[in-house]
Amino acid sequence: MSCKPAAERTQTEGCWIVADKALGKLPAEVFWTLDVYPTRESVAKAGTNHAAVVEALGKIWLFTVGEKPAPPSQGGRVTQIGPLPVKSDEVYTAQFMEGILEPGSVSRTHVHSGPEAFYTETGESCLETPDGKQVGRKGTDLIIPEGVPMELSATGSETRRGLILVLHSSAKPATTVVAHWKSKGLCLGPQ
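When we follow my numbering, the leftmost residue of the sequence shown carries the number 18, and every step to the right adds one.
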């Protein structure tokens, strides 16, 4: 399984790229803030240069990447993930994805040219890297630094529904499939 543009979506299940946002250079302390709004009109007033309005998981979201914004006046704060490890001299682009995966779904082994953050709304995901495994569930957000090989598995007993940010170098692809590292299958057993 790999992520595809939302315009190519033919089914509910999968990983779908729902937005890309050029950000430029970022402050030293960077967070991914996820706010949900009742309508597109209500979120229109809240946007900033480092924000994207996205429809995903049946909701209208404002994704903000940068310093911590004030709580929304017309929306609701869902979570704030960070700080994300960034380089002060790097020019970044944010790629936002929606992942709806049935238990047993496994990604291809890959790396990103910047940090990746995961928000899980339902279900469970297990992320294996050379350092071991991390399990993401509702209330447990995950951050993976730039360049770390990984394999993501949907685990548990219910459909994993979540959002993903890859904050990547604008001069490089967001994701690169790799063969130099193989998972040990740490996410195949009970989590």
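No residue lacks a Cβ here, since even glycine has one placed at the ideal position from N, Cα and C.
The residues P102 and P132, in chain order, have a CB closer than 6 Å to that of P162 in the same chain once the five nearest residues on each side in sequence are set aside. Apart from sequence neighbours up to five positions away, the residues of its chain that approach E30 with a beta-carbon distance below 7 Å are I117, L118 and E119, ordered along the chain.
Look at E163 here: in three-state DSSP terms it is coil, with no helix or strand label. Annotated as distal: C204 and L159, with beta-carbon spacing of 9 Å or more. Excluding five sequence positions before and after T65, the CB atoms of its chain that fall closer than 8 Å to its own CB belong to T81, G83 and P86, given in chain order. The Cβ neighbour count for P190, taken over all protein chains shown within 10 Å, is under 16; the residue is labelled exposed. Bridge partners of S142 according to DSSP: G153 and A171.
Sequence-distant partners of A45 (beyond 5 residues in either direction) whose C-beta falls short of 7 Å from its own C-beta, in its chain, are S105. Shortest Cα-Cα distance from V165 to any of V128, A73, P89 and V195 involves V128. Residue pairing from DSSP leaves S130 without any beta-bridge partner. When the beta-carbon positions are compared, G92 and P55 come within less than 9 Å of each other. Membership of R57 in the alpha helix (DSSP H) is indicated by the continuous run R57 to A61. Judged by DSSP in its simplified three-state form, E46 adopts coil rather than helix or strand. Membership of P100 in the beta strand (DSSP E) is indicated by the continuous run G93 to L101.
Ranked by Cα distance from G206, the options A111, T146, T172 and W198 are led by T172.
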